[in-house]
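**Q** Okay, so the sequence shown: first residue is 5 according to the numbering used here, each after it adds one.
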Amino acid sequence: MQIPAVVELENLEKSYRLGKVTVNALRGVTLKLQQGEFMVIMGPSGSGKTTLLNIIGTLDKPSSGRALVDGEDITRMNDGQLTKLRRHKIGFVFQFHNLIPVLTALENVELPLITSGVKRKASRNRAMELLVRVRLQDRTGHLPDELSGGEQQRVAIARALANHPRLVLADEPTGDLDTQTGAEVVQLMHSMAKQEGSSVVVVTHDPVVAERADRLVEMRDGRITEKAGEPLMGQRRTIRAVEPLPPEPGRSLSQPN
Ligand SMILES: Nc1ncnc2c1ncn2[C@@H]1O[C@H](COP(=O)(O)OP(=O)(O)O)[C@@H](O)[C@H]1O
Ligand SMILES: [Mg+2]
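Have a look at this one:
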C-alpha cells in the first residue's frame, strides 16, 4: 500500500490583485512531499517561495488548483478546520523567530502544546525535552531578547516540533544569522525532524541548507523549474533548470494602461 504524501499540490495558482494590477505569484505549481522528506526550495527574490509556503501552511489560499496536506484538501476547509489542522499538524519556523517576547523560552515551546489541549505537566516535560535537544537547558527561563539570534532560532525549532507535526515549514530560517550559526541551526532542524519523522520544506538562499536536502527544487517566476517526478527517497537528488531562462516577460506584473 502506498503511504499518502504529506503535501500534494496540483497546478496551484495564486494571483494577487492590487487595484488594476495583478501579480501572478504562482503559475501552476505541482509538487509532492513524502513522509520524512527534507525538501529545500531555492530561487530568486519574488519567485513565489513565501507565497507557496504560506499556502501549504494554510495561512493563505490559492486562486486555483488543488492542495492536500496529510490527505486533506485544504482548499475546501473552513477557518475552524484550518486552525485545527495548523495546530496539530504543522510547525512553523520563520526568518525572524516570532517568539512571544513576554514568555520565557520554556513557555514559548509549551504554548502550542497547551493550546492544543495537552495537560500542564506533560507539556512542560515535552518542552523541557525539546529544549535539552536544542541544547538550551540552561536558557529555559530566558526571555527571547535575552537570547542570541541562533538561540532564538533554536527555541523556534523546538516550538515548531512540539506537537509532533507531520510537516515543518521554514521560510529563510537562517536569513538573519551568520554562516556558522546558520549551519548549526539547520543541522539541528534536520536531525530533529528526521528523529521525529516530520517532513520539512525549507526556503533558503543558503547553500549550506541546500546540502541537507533529500530533494532540492528551484522556483522561478511562480513556477518550479523541475521536471515532475517521484522523489528518490534516501538518495540526494538535485534538480536544476537545464535550459537558460527566457528574458523576463515584464515579470508577472501586468501594468494598467
Ligand atoms: N500580499 C501580497 N499582495 C500582493 N502581491 C504580493 C503579496 N505577496 C506577495 N506578492 C507578490 O508575489 C510575488 C511573489 O512573492 P513572494 O512569494 O513573497 O516571493 P519570494 O518569497 O520568492 O521572494 C512577488 O512579485 C510579490 O511582490
Ligand atoms: Mg520570501
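By construction, the Cβ of each residue, glycine as well, lies at the ideal position given by its N, Cα and C atoms.
These numbers were taken from a predicted model, which means no experiment stands behind them.
(1) Can you find the residues in the same chain that come closer than 6 Å, C-beta to C-beta, to Phe98, ignoring five residues on each side of it along the sequence?
(2) Say the cut is 7 Å; is the CB of Thr54 nearer than that to a heavy atom of ligand 1?
(3) My parser needs the alpha helix (DSSP H) runs of 4 or more residues fully inside the stretch 118-157; what are they?
(4) Alpha carbon to alpha carbon, how far is Asp74 from Ile118?
(5) Check each candidate in Val25, Ser152, Ser49 and Ala164 and name the one with the smallest Cα separation from Leu115.
(6) Among all the DSSP beta bridges, which residues are the ones paired with Phe96?
(7) Answer yes or no: the CB of Val27 versus the heavy atoms of ligand 1, is any distance below 7 Å?
(8) Helix, strand or coil for Arg224? Go by DSSP, reduced to three states.
(9) Can we count Asp175 as close to ligand 2, meaning its CB is less than 7 Å from some heavy atom?
(10) For Gln38, does the count of other Cβ atoms within 10 angstroms reach 16, so buried, or fall short, so exposed?
(11) Less than 8 Å between C-beta atoms, sequence neighbours within five positions excluded: which residues of the same chain meet that for Leu181?
(12) To which residues does DSSP link Ser268 through a beta bridge?
(13) Out of Met43, Met193, Arg31 and Leu35, point me to the one whose CA is closest to Ser51's CA.
(14) Give the range of the alpha helix (DSSP H) segment to which Ser195 is assigned.
(15) Would you check if there are 3 or more beta carbon pairs closer than 8 Å linking the stretch 129-146 to the stretch 86-102?
(16) Within its chain, find whatever has a CB closer than 6 Å to the CB of Asp64; leave out the 5 residues flanking it on each side and keep chain order.
**A** Reading it off the structure:
(1) Excluding residues up to 5 positions away in sequence, Asp175 lie with their Cβ nearer than 6 Å to the Cβ of Phe98 in the same chain.
(2) yes
(3) 124-137
(4) Each residue's alpha carbon lies about 23 Å from the other.
(5) Ala164
(6) The beta-bridge partner set that DSSP reports for Phe96 consists of Leu173.
(7) yes
(8) strand
(9) yes
(10) Around the beta carbon of Gln38, 16 or more other beta carbons sit within 10 angstroms, so the residue counts as buried.
(11) Gly153, Gly154, Gln157 and Val189
(12) Residue numbering for the chain in the displayed model covers 5 to 261; residue 268 lies beyond these limits and cannot be assessed.
(13) Per the Cα distances, Arg31.
(14) Thr183 to Glu200
(15) As far as the Cβ criterion goes, the stretch 129-146 does not touch the stretch 86-102, which means the pair count is below three.
(16) Asn58
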